[in-house]
Amino acid sequence: MIFPAIDQEPLNGTLWRIVESQESAATLSISDNLAEQAVLEELLEQRSKPPYPDDYNRYSYLLSTPFRYPPLDYGSRFGSTTEASLFYGSAKPNTVLAECAYYRLSFWDDMETPPPNPIVTQHSLFTADYATEHGANLTIASAEHRALISHASDYSFSQALGSHLRDAGVKLLQFYSARCPDQGMNIALFDPSPFTCSSPTSKQEWLCELTGDTVFFKRVQYLDSHAFLRDQFIVEGELPRPA
0 MIFPAIDQEP LNGTLWRIVE SQESAATLSI SDNLAEQAVL EELLEQRSKP
50 PYPDDYNRYS YLLSTPFRYP PLDYGSRFGS TTEASLFYGS AKPNTVLAEC
100 AYYRLSFWDD METPPPNPIV TQHSLFTADY ATEHGANLTI ASAEHRALIS
150 HASDYSFSQA LGSHLRDAGV KLLQFYSARC PDQGMNIALF DPSPFTCSSP
200 TSKQEWLCEL TGDTVFFKRV QYLDSHAFLR DQFIVEGELP RPA
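Rendered as structure tokens:
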């Protein structure tokens with residue numbers, strides 16, 4: 000396998016990431032009051048979650064959690080099933096919303112019996128600043144390599160490249176999104192060291208309405224909205240499976 004010749008270089012900027020706002024609501028729903036909720040969350044933190052590495056403790060859970068858990072059964076864009084998980088974000092909010100829309104549709108498809116009504120969830124969209132001397136800008140790779148790196152359904156090349164760059168000491172990647180219709184840029188971190196902040200620099204709340212054909216995002220108390228159709232993500236007649 001021939002990888003692109005990408006030199007490590009200084010990279011900096013601001014990334015956006017989206018997470019579902021569910022944990023506090025979930026624990027509150029099975030406790031009688033906020034005091035009981037605090038005790039329950041502390042027990043969950045101590046007994047059911049993997050411990051953080053000591054040098055990650057200074058980061059907010061929103062920045063450190065992606066590194067905390069073992070990889071998914073299928074890995075990720077640049078991570079195999081046997082490597083530590085990465086943190087993924089996007090350079091612009093519409094790109095991260097497109098990525099989220101794809102995974103919401105994948106979630107819908109994974110349900111044995113989808114519900115008759117739309118699924119409405121609340122999400123937090125936040126920003127974080129980064130800077131590193133050990134970055135790899137994959138957006139400048141050849142067109143052939145870019146197509147492999149951001150392939151919509153085949154992760155074999157990008158995962159092998161991720162292992163290669165991780166071993167070379169790269170800390171952060173910039174690459175084109177496979178899901179954004181405007182070919183937006185994504186960012187991946189192998190560990191939290193590129194973060195120049197210990198917690199998000201801004202945060203927004205969004206509602207998401209999911210059906211089998213559409214994902215609609217609406218910012219809470221604002222007019223901002225984005226809609227994504229299933230057809231935007233279809234490849235060869237099907238919605239690609241994650242990794």
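In terms of numbering that gives the first Met the number 0, the sequence shown opens at residue 0 and continues consecutively.
No residue lacks a Cβ here, since even glycine has one placed at the ideal position from N, Cα and C.
The structure displayed is predicted, hence computed values, not measured ones.
In angstroms with no decimal places, state the Cα-to-Cα distance between residue 153 and residue 239.
9 Å
Below 8 Å CB to CB, which residues in the same chain sit around residue 107 once its five sequence neighbours on both sides are set aside?
113, 118, 209, 210, 211
Count the CB pairs spanning the region 10-20 and the region 147-161 that are closer than 8 Å, and state whether there are at least three.
no
With a 10 Å radius around its C-beta and 16 neighbouring C-beta atoms as the bar for buried, classify residue 88 as buried or exposed.
buried
Beta-carbon separation (whole angstroms), residue 62 vs residue 198, contact threshold 8 Å:
7 Å
Residues that residue 89 bridges to, as DSSP identifies them:
15, 185
Would you give the residue range spanned by the alpha helix (DSSP H) that residue 218 belongs to?
Per DSSP, residue 218 belongs to no alpha helix (DSSP H); it is in the beta strand (DSSP E), 213-218.
Using a 10 Å radius around the Cβ and a threshold of 16 neighbouring Cβ atoms, would you call residue 170 buried or exposed?
buried
Thinking C-beta only, is residue 130 closer than 8 Å to residue 193?
yes
Kindly provide the ranges of any beta strand (DSSP E) runs that are 3 or more residues long and lie completely inside the region 131-215, ordered along the chain.
171-175, 184-188, 201-209
I need the DSSP call for residue 235, collapsed to helix, strand or coil.
coil
Residue 158 classed as buried or exposed, judged by whether at least 16 other C-beta atoms fall within 10 angstroms
buried
Extent of the continuous beta strand (DSSP E) run through residue 224
224-228
Could you tell me whether the Cβ of residue 146 comes closer than 8 Å to any Cβ of chain D?
The structure shown contains no chain D; it holds only a single protein chain.
Write down the C-beta distance between residue 96 and residue 216 rounded to the nearest angstrom, noting that I regard them as a contact closer than 8 Å.
5 Å
Taking the runs of the alpha helix (DSSP H) that are 4 residues or longer, which of them lie wholly in the region 69-122?
92-109
Have a look at 2, 132, 78, 84 and flag the residue whose alpha-carbon is nearest the alpha-carbon of residue 8.
132
Quick one: using the 10 Å Cβ neighbour count with 16 as the cut-off for buried, is residue 184 buried or exposed?
buried
Sort 73, 175, 206 by Cα distance to residue 91 and report the nearest one.
175
Is residue 135 closer than 8 Å to residue 214 when the C-beta atoms are compared?
no
Residue 81 versus residue 162 - alpha carbon distance
10 Å
Quick one: what's got a C-beta closer than 8 Å to residue 58's C-beta in the same chain, skipping five residues either side?
191, 194, 197, 198
Going by DSSP, what residue range makes up the alpha helix (DSSP H) through residue 65?
60-67
Proximity of residue 1 and residue 140 at Cβ, strictly below 8 Å
no
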